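Here the structure is laid out as structure tokens; the discussion comes afterwards.
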Amino acid sequence: MKCDNPFRTRHAHSAMQRTVQLPSLSVTALSLCSLIALGSSAAQAADEKLVISVYGFAQDAFSEIVYKPFEEQCQCELVVETGNSVERLAKLEARKDDPEIDMAVMSTHDALSANRKGVTQAIDVSRLSNFDKLYDIAKDPLGDHLGIGYTFYATSIVYRSDKVSIDSWQDLFKDELKGRVAFPNVTTNQGPPALYMLGKAMGDDDASLEAPIKQVAEHRDDIVTFYERSSQVAQLMQQEEILAAPVGRFAWGAYTKMDMPLAWATPTEGQTGGMNVMVLTKGAKHEDLAYQFMDFWLSTGIQTQLAEALVDSPANAEVIVSDEVAGNLTYGAETVSSLKLMAPDVILDNRDQWLESWNDKVAQ
């Protein structure tokens, strides 16, 4: 059945003071056409689908705060794929000629690696209404707008304040902490930043990290474990097997629930940390939706809810939270400006050499 527009005919005739009697069949046809059009629009909306790749962390909270509200706003389907960085990056690379994922979140150095492999494209920040609300360090952490920071975290030392004091990264190796320290493995996101700050405390910030790796090797018998997951540290602290360890601020909430005096160190050399960024897949099939989703996630309201749920520290500088919430996050202009983050290209270009040096000196 051909669905012409009878309203246009009626309007034209009305302008000429004519009356046209539509046959009942035409009215029926009109109703059917309207139903078909409405059904077509609904089907089209249902076909709109955005595919994202994210960490598996706190997905229940993300679903409630970010995913479901966005689906309601865009009237589209959001497909969420989760996994660790290695798995997700490998999948993006394998499908780079026919991408099924539209946008992803990852660390700055993994994002740079993805771009070098031809997986991602530059982001047009003029399409993000919330871009100017971000802290400066989050606006272009990779250069050329290859990624937009949506959260970051500090890395420092958590310690038993009733047993020991921590004023420097070098304090990890003082006598009263022998056999009571955990240190991150070099293969973790916390490993290289912790080594970097140890080097700064030694007066050596060379990108090779040779000096701090050597120092860790000299004290390896005094270190309880070289941990792979932050949950290991919390368990060892709860069991009182360790008194101090470098950790990411995102894990601090677990320590606040322990019935023991624990503190977050502010070493004289400063705090380091990391940042996660949003990236846009090269050749994304749903690019418009990807931009809408990124902008939604960066908005003050969504970033505030994520912060209040202790899921992410906000990259949006307009976010305001209570002192209690702020105490569990990397929050505020002063804290953010004090972070000594490693450049993503330094991490990417040196991590193979770091691993080789670590295996030779520490893991032998």
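Taken in order, the sequence shown gives residues -45 to -1, 1 to 319; the numbers are from mature numbering (1 follows the signal peptide of the UniProt record, and there is no 0). Ideal Cβ positions, reconstructed from N, Cα and C, are used throughout, including at glycine. These figures come from a predicted structure and were not determined experimentally.
First and last residue of the uninterrupted beta strand (DSSP E) at residue i
i, result
"Met61", "58 to 62"
"Ser8", "4 to 9"
"Val34", "32 to 37"
"Thr180", "178 to 182"
"Pro167", "Premise fails: Pro167 lies in the alpha helix (DSSP H), 165 to 173, not in any beta strand (DSSP E)."
"Gly203", "199 to 203"
"Trp124", "Run containing Trp124: none; DSSP gives neither H nor E here."
"Phe138", "136 to 139"
"Leu217", "217 to 219"
Three-state secondary structure assigned by DSSP to residue i
i, result
"Thr106", "strand"
"Tyr114", "strand"
"Thr236", "strand"
"Ala(-34)", "Residue placement at Ala(-34) is poorly supported in this model, since its pLDDT is 34, which falls under 50; the coordinates still yield a value, given next. It is helical."
"Leu97", "coil"
"Cys(-13)", "In this prediction, Cys(-13) has a pLDDT of 46, which is less than 50 and means its spatial position is unreliable; what the coordinates show is noted afterwards. Residue state, collapsed to three classes: helix."
"Thr211", "helix"
"Met297", "coil"
"Lys129", "coil"
"Asp274", "According to the sequence shown, residue 274 is Val rather than Asp. Residue state, collapsed to three classes: coil."
"Gly154", "helix"
"Asn70", "helix"
"Asn314", "helix"
"Leu265", "coil"
"Gly287", "coil"
"Thr255", "helix"
"Gln319", "coil"
"Gly225", "coil"
"Gln76", "strand"
"Leu244", "helix"
Check whether residue i and residue j have beta carbons under 7 Å apart
i, j, result
"Tyr22", "Ala270", "no"
"Gln226", "Met213", "no"
"Gln247", "Cys29", "yes"
"Tyr182", "Ala137", "yes"
"Lys133", "Asp160", "no"
"Leu5", "His241", "yes"
"Met58", "Ala245", "yes"
"Tyr114", "Ala218", "yes"
"Pro54", "Gly287", "no"
"Gly102", "Val232", "yes"
"Ala109", "Val266", "no"
"Ala13", "Val234", "no"
"Gln260", "Ile20", "yes"
"Asp278", "Pro216", "no"
"Trp124", "Ala162", "no"
"Leu296", "Ala262", "no"
"Val317", "Val179", "no"
"His64", "Leu303", "yes"
"residue 343", "Lys88", "Since the first residue of the chain shown is -45 and the last is 319, residue 343 is not available in this structure."
"Ile112", "Ala45", "no"
"Ser254", "Asn85", "yes"
Residue i beta carbon near the ligand SAH (any heavy atom closer than 6 Å)
i, result
"Phe12", "Among the components of this structure there are no ligands whatsoever, and the ligand SAH is therefore not found."
Inter-residue CB distance, residue i and residue j (contact presumed, cutoff 8 Å)
i, j, result
"Thr236", "Leu47", "7 Å"
"Ile92", "Ser312", "Rounded, the Cβ-Cβ distance is 29 Å, inconsistent with contact."
"Tyr90", "Val291", "5 Å"
"Glu32", "Glu3", "7 Å"
"Gln145", "Gly208", "Actually they are not in contact, since the Cβ atoms of Gln145 and Gly208 sit about 16 Å apart, beyond 8 Å."
"Pro147", "Arg306", "7 Å"
Test: residue i CB closer than 7 Å to a CB of chain D
i, result
"Met233", "The structure shown contains no chain D; it is built from a single protein chain."
Residue span of the alpha helix (DSSP H) that contains residue i, given as start and end
i, result
"Ala281", "278 to 281"
"Val188", "185 to 193"
"Ala49", "40 to 49"
"Pro24", "23 to 29"
"Phe12", "That residue, Phe12, is in no alpha helix (DSSP H); it is neither H nor E in DSSP."
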